[in-house]
Amino acid sequence: NAGVTQTPKFRILKIGQSMTLQCTQDMNHNYMYWYRQDPGMGLKLIYYSVGAGITDKGEVPNGYNVSRSTTEDFPLRLELAAPSQTSVYFCASTGGSGNTIYFGEGSWLTVV
Amino acid sequence: GNSVTQMEGPVTLSEEAFLTINCTYTATGYPSLFWYVQYPGEGLQLLLKATKADDKGSNKGFEATYRKETTSFHLEKGSVQVSDSAVYFCARSPQGAQKLVFGQGTRLTINP
């Protein structure tokens, strides 16, 4: 029962470094999402994808990039990390309307 | 546009009190509606869902009814427990190429 798998769970980055948060799902879902959640706050959509080869910006895309070369994978890349990107990142997927939305366990990222 | 609006938090109640967290949505068509719960330090878990008008989702003593006429999906529980302390998110599912949309979250604290 893998569901949505995110890695890494915890990471500390220095300002200016780059990294990729991995997200994979084994449910053949078309829709995948990346959110960030700042302390005490709600979810802000970074990027989303409605199928392989299709991505679109969410609310807060600046400083991030995504790709969707396969149905299963939706990596999130941080270029030139900044302290403002310190947050918890959640990947989610769903088969669409009426289907349950599944979340990864979250990735805690600190930029120092 | 398509959005989800939740009752402003935080909400603080005493154990065994009645709980209502309001959620309203705007959307074209007939989205599925969800409540997710996030316990401290954890990811988001599905609490309940409803896929069509007049459906009632229920789980762990929580209930919510999909009201098309008032575009609402209010979360209720008759007698809350300390263990219900968490952040609750209302969400509506994507339709076509639309985004998965979450409310801003409501922090609930139950005091013994």
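Quick mapping for you: the protein sequence lines, in order, are chains A and B.
Whatever position you read off the first sequence (first residue = 1), add 796 for the working numbering.
In terms of the working numbering, the second sequence has 73 at position 79, counting the first letter as 1, and numbering is strictly consecutive.
Glycine is no exception: its CB is placed at the ideal position from the N, C-alpha and C atoms.
I think residue i touches residue j, with their Cβ atoms under 8 angstroms apart; what is that distance to the nearest whole Å?
| i | j | result |
| --- | --- | --- |
| A/Met888 | B/Leu94 | In the sequence on display, residue 888 of chain A carries Ala and not Met. 7 angstroms between Cβ atoms; contact. |
| A/Val856 | A/Lys840 | 5 angstroms |
| B/Phe67 | B/Ala80 | In fact, because the Cβ distance is near 18 angstroms, the residues do not count as touching under 8 angstroms. |
| A/Tyr898 | A/Thr890 | 7 angstroms |
| B/Gln0 | B/Gly97 | 3 angstroms |
| A/Met815 | A/Phe870 | Wrong, their Cβ atoms sit about 15 angstroms apart, outside the cutoff. |
| B/Gly99 | A/Glu901 | With 8 angstroms as the limit, B/Gly99 and A/Glu901 do not qualify as a contact, their Cβ atoms being about 18 angstroms apart. |
| B/Thr65 | B/Tyr19 | 5 angstroms |
What number of angstroms, rounded off, separates the C-alpha of residue i from the C-alpha of residue j?
| i | j | result |
| --- | --- | --- |
| A/Leu872 | A/Thr851 | 11 angstroms |
| B/Trp29 | A/Ser880 | 29 angstroms |
| B/Asn16 | A/Ile811 | 40 angstroms |
| B/Ser87 | A/Thr803 | 25 angstroms |
| B/Ala21 | B/Ala11 | 32 angstroms |
| A/Gln813 | A/Val908 | 10 angstroms |
| B/Ser52 | B/Ala44 | 9 angstroms |
| B/Gly3 | B/Thr14 | 12 angstroms |
| B/Ser(-3) | B/Ser8 | 31 angstroms |
| A/Lys853 | B/Pro106 | 43 angstroms |
| A/Arg864 | A/Tyr885 | 17 angstroms |
| B/Leu40 | A/Thr896 | 8 angstroms |
| A/Thr866 | A/Gly859 | 23 angstroms |
| B/Lys54 | B/Arg61 | 21 angstroms |
| A/Trp830 | A/Gly892 | 16 angstroms |
| A/Glu875 | B/Asp78 | 38 angstroms |
| B/Tyr24 | A/Tyr844 | 21 angstroms |
| A/Ser903 | B/Gly35 | 11 angstroms |
| B/Val5 | B/Asp49 | 26 angstroms |
Beta-carbon of residue i versus every beta-carbon of chain E: anything under 8 angstroms?
| i | result |
| --- | --- |
| B/Leu38 | The displayed structure is made up of protein chains A and B, and chain E is not among them. |
Counting C-beta neighbours from all protein chains within 10 Å, is the total for residue i 16 or more, i.e. buried, or is it exposed?
| i | result |
| --- | --- |
| A/Val846 | buried |
| A/Met837 | exposed |
| B/Phe83 | buried |
| B/Lys71 | buried |
| B/Leu69 | buried |
| A/Ala877 | buried |
| A/Gln833 | buried |
| B/Ser73 | exposed |
| B/Gln75 | exposed |
| B/Ala47 | exposed |
| A/Ile842 | buried |
| A/Thr820 | buried |
| A/Ile808 | exposed |
| A/Asp822 | exposed |
| A/Phe806 | exposed |
Return no unless some Cβ of chain B is closer than 8 angstroms to the Cβ of residue i.
| i | result |
| --- | --- |
| A/Gly838 | yes |
| A/Tyr827 | yes |
Got a sec: is the Cβ-Cβ distance from residue i to anything in chain A below 8 angstroms?
| i | result |
| --- | --- |
| B/Gly99 | yes |
| B/Phe12 | no |
| B/Phe67 | no |
| B/Ser87 | yes |
| B/Phe96 | yes |
| B/Phe28 | yes |
| B/Phe56 | no |
Residues of the segment 882 to 902 of chain A with a CB closer than 9 angstroms to any CB of chain B: list them in chain order, please.
If the cut-off is 9 angstroms between Cβ atoms, the segment 882 to 902 of chain A has Val884, Phe886, Ala888, Thr890, Gly892, Ser893, Gly894, Asn895, Thr896, Ile897, Tyr898, Phe899, Gly900, Glu901 and Gly902 near chain B.
Any residues in the segment 42 to 53 of chain B with a beta carbon nearer than 8 angstroms to a beta carbon of chain A? Which ones, in chain order?
Going along the segment 42 to 53 of chain B in chain order, one finds Lys43 and Thr45 with a Cβ nearer than 8 angstroms to chain A.
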